[in-house]
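This report concerns only the one structure given below.
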Amino acid sequence: MLASRPEVPEPSAAAREKARVLLGPRLGTSKVLVGEESCERFANDESEAEGRVPDAVVLAETADDIAAALAVAREAEVPITPRAGGSGRTGGAVPVAGGIVLLTLGMNQIKEIDRREQLAVVGPGVILGDLHTAVERENLFYPPDPNSWAACALGGNVAENAGGPRAFKYGVTREYVLGLEVLLIGGQRLWTGRRTVKGVTGYDVTALLVGSEGTLAVFGDITLRLLPKPPAVMTLLALFRDVPQAVGAVAEIVAAGLVPRCLEFLDGTTLEAMRRAGNPIREGAGSMLLIEVDGDEQACERQAEQIAEACDAVGALEVAVAQDAAQRERLWAARREMSPAVRRLAKFKLAEDIVVPRQRIAELLERVERASEQHGVRTLAYGHAGDGNLHVNFLWNDPDEVPRVEQAIERLFRDTIELGGTLSGEHGIGVLKAPYLHLEQSEALISLQRDLKRVFDPQGLLNPGKIFAGPSHRAC
Ligand SMILES: Cc1cc2nc3c(=O)[nH]c(=O)nc-3n(C[C@H](O)[C@H](O)[C@H](O)COP(=O)(O)OP(=O)(O)OC[C@H]3O[C@@H](n4cnc5c(N)ncnc54)[C@H](O)[C@@H]3O)c2cc1C
């Protein structure tokens, strides 16, 4: 749903004033922003979700600061919304009812990198790209790599269970979170999980909290599992005539038993946007795969050869291997630049993140094309083809087109579910997808999750309006 703001009751003026009055003395005025001008930039994130300017922003530097803010929220009965890098795509960090925004970006210390235990302990504000650099210096590897790695932080990654191109081989953030320092509404602090390789004691509360989108608890320190850094990496680029050919190549690669660490797909309209942004992509190419393998040098070469064969078998126009690190980086920089390049195609753009079983990718894309014609809405698609995770983008110029775009989006979600898929692979549900949760999950399952939410947050103050829509949204 475009620019939707859920029906979350706003706190009274007296409650908001009480929160403002309590925050200063508890945290120190240097850690509390108030006033429209200072707080305005925390009303939105990188999505179309509509927020309200928060009444106060807490700049947390320690877990005690988080606890103090959560205590004030409960005392004053105002909503509180955790926030890290603000790069979320579904409005998770958007304060839909005002109240307090709790910014954990200042907690940006890498506290420990243990080579023997292969783990790291980081604050929730550590920028993902900084963690990659730090662990790789120690010859270690943290695989999750959302394309926003230069802007997003570990607190947001854990809350969204972030994925990225390398998820095909290495899985998503949940696979790497060993333990969490957890702060509950009211300020109680506890620790979940472990530092050991194995451990099955009690319920896996850590796994429950990963992906909880800031609705159950706020994270302080995060303990992460690391891997040895792969000795070599090789990147290939394959161009195809059209989308079915590229999807065919993905099937061939997987059928050959290969597991590249990345298998990124881009359709023809996306390639056109990249050409316009100055990337010299061969004319006539109607789809692309960006493929990356890792392992030792020989294993990389062997895999690259097999991948090239798989691409040739379906009639690829061209398969090229990056010759050095600089060429590799240029390919990935072009991939990262793709999102802004696509944005320039129209005044408005919405990227929906869905997943279908790999064998149904072609079918889904055909359905998207049909819906696009039927509703008269421009679309394009790219994504992580290895795990069936596609980002279908809707483009429009005129606000009058919005109802048609909304119909096309709902069609996409219904098609996704019909093909055995799921509504989000990595961006979460947040505000924007909450109205559609019922398409995928039963009433009973949603109700069980709401009960869980009440256990953690009986007053519904922690990040309200996310994941679960109010009753009026059920009609769509
Ligand atoms: C150009 C671009 C590319 C992207 N590519 C990818 C991609 O490849 N893969 C992918 O998965 N995502 C991608 N994203 C989406 C986004 O970057 C991820 O969802 C990321 O994990 C959000 O991190 P953040 O630090 O920006 O979190 P925010 O946006 O600040 O917050 C996200 C959620 O985390 C919660 N939160 C934040 N901090 C805490 C905390 N300390 N404790 C508890 N909850 C907290 C917030 O309440 C919110 O619900 C992309 C975004 C952009 C703009």
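So in the numbering used here, spot 122 of the sequence shown is number 110, and the numbers just go up one at a time.
Glycine included, each C-beta is placed from N, C-alpha and C at the ideal position.
- Going by beta carbons, Val46 and Leu90 fall inside the 8 Å limit.
- With a contact defined as Cβ atoms closer than 8 Å, Arg402 and Gly364 miss out at about 18 Å.
- Three or more Cβ pairs closer than 8 Å define a contact, and the region 379 to 391 falls short of that threshold against the region 438 to 455.
- For Ile210, the secondary structure class from DSSP, reduced to helix, strand or coil, is strand.
- Shown here for Ile269: same chain residues with a beta carbon closer than 8 Å to its own, the five before and five after excluded, namely Leu227, Leu259, Met262, Arg263 and Met276 in chain order.
- Residue state for Asn145 is assigned as helix, using DSSP reduced to three classes.
- One Cα belongs to Ala244, the other to Met222, and the distance between them is close to 18 Å.
- Across the structure, Ala239 and Glu340 are spaced so that their CA atoms are roughly 23 Å apart.
- In the same chain as Arg355, and ignoring 5 residues on each side of it, the C-beta atoms closer than 6 Å to its own belong to Asp403, in chain order.
- The beta carbon of Ala292 is closer than 7 Å to those of Met222, Leu224, Val281 and Val309 in its chain, skipping five residues each way along the sequence.
- Relative to ligand 1, even the nearest heavy atom lies 7 Å or more away from the CB of Pro131.
- Taking C-alpha positions only, Gly12 is separated from Ser200 by approximately 29 Å.
- Within a 10 Å sphere around the beta-carbon of Asp300 sit fewer than 16 other beta-carbons, which makes this residue exposed.
- Taking Arg125 as reference, the option from Arg103, Val146, Val110 and Trp137 with the minimal CA-CA separation is Arg103.
- If the five residues before and after Thr410 are omitted, its C-beta is found closer than 6 Å to the C-beta atoms of Val343, all from its own chain and listed in chain order.
- With a 10 Å radius around the Cβ and a threshold of 16 neighbouring Cβ atoms, Leu107 comes out buried.
- When beta bridges are read from the DSSP output, Cys250 appears opposite Glu280.
- The beta carbon of Glu148 is closer than 8 Å to those of Gly76, Gly80, Thr161, Gly199, Glu201, Glu414, His415 and Gly416 in its chain, skipping five residues each way along the sequence.
- The C-alpha of Pro345 is placed about 22 Å away from the C-alpha of Gly256.
- Secondary structure note for Leu383: it is in no alpha helix (DSSP H), and the uninterrupted beta strand (DSSP E) holding it is Asn377 to Trp384.
- The beta carbon of Lys19 sits no closer than 7 Å to any heavy atom of ligand 1.
- Runs of the alpha helix (DSSP H) spanning 4 or more residues and lying entirely within the region 352 to 428 occur at 390 to 406 and 425 to 428, in chain order.
- In the pairwise beta carbon analysis, the region -6 to 11 is classified as touching the region 58 to 71: at least three pairs are separated by under 8 Å.
- When the Cα atoms are used, Tyr424 and Asn127 turn out to be separated by approximately 43 Å.
- Remark: C-beta atoms of Ile54 and Gly174 do not approach each other more closely than 8 Å.
- Between ligand 1 and the CB of Val206, the shortest heavy atom gap is smaller than 7 Å.
- The C-alpha of Pro218 is placed about 39 Å away from the C-alpha of Glu357.
- Annotation for Ala432: the continuous alpha helix (DSSP H) segment containing it runs Glu431 to Phe444.
- Within its own chain, the residues whose Cβ lies closer than 7 Å to the Cβ of Leu214, once the five positions on either side in sequence are excluded, are Gln106, Leu107, Ala108, Val123, Leu128, Phe129 and Tyr130, listed in chain order.
- Secondary-structure assignment with DSSP links Ala2 through no beta bridge to anything.
- Membership of Leu119 in the alpha helix (DSSP H) is indicated by the continuous run Leu116 to Arg125.
- Only buried fits Thr78, as 16 or more other CB atoms lie within 10 angstroms of its CB.
- Annotated three-state conformation of Asp53 is helix, per DSSP.
- Contact between Gly152 and Pro134 is confirmed by a C-beta separation of about 4 Å, below the 8 Å threshold.
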